[in-house]
Amino acid sequence: MLLLLREYNRAVLGALKNALDYLHPKYTINQSDMLLMADSAVYRNSDTSLSRGEQEMASVRTMVTFSLMADFENMSVFKPHDYHAVNLEKMFDQVLLWAKAFKTIR
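Counting the sequence shown from 1 gives a position; the working numbering is that position plus 56.
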């Protein structure tokens with residue numbers, strides 16, 4: 057599972073937290089990571105990483121952060137820089153590795 061989050065008031069959105077709580081039985085013991093669109097996503101990663109741990113979701117180390125200023129043309133058309141490709145590939149590799157490992161216990 058990949059979560060695409062938008063920064064909002066330096067906290068996890070209440071609606072996201074409620075949705076994750078509701079879906080908890082469906083994704084327990086699952087792999088996850090996130091793509092963040094934020095100006096200061098480092099804080100959000102620590103918040104959501106703790107939340108995902110509580111939800112029994114494994115979190116991979118690599119996180120990709122897109123900036124509205126740098127990765128969007130006129131703040132509306134998504135045009136990520138090429139340097140994101142390395143981290144995206146690493147993140148997907150880690151998620152797939154966890155998925156393969158979890159397949160044996162689900």
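Even for Gly, the Cβ is constructed at its ideal location relative to N, Cα and C.
{"query": "CA nearest to the CA of Phe134, picked from Leu144, Phe122 and Thr160", "result": "Phe122"}
{"query": "beta-carbon Met125 near the ligand SAH non-hydrogen atom, thresh 7 Å", "result": "Inclusion of the ligand SAH in the displayed structure is not the case, the ligand content being empty and no account of it being possible."}
{"query": "Cβ-Cβ distance between Val116 and Gln150 below 8 Å", "result": "yes"}
{"query": "Beta-carbon proximity list for Leu144, same chain, < 7 Å, skipping 5 on both sides", "result": "Val120"}
{"query": "Backbone CA spacing between Leu79 and Lys73 [nearest angstrom]", "result": "10 Å"}
{"query": "Backbone secondary structure at Val142 - three-state DSSP", "result": "helix"}
{"query": "Lys156 vs Thr118 beta-carbon contact at 8 Å", "result": "no"}
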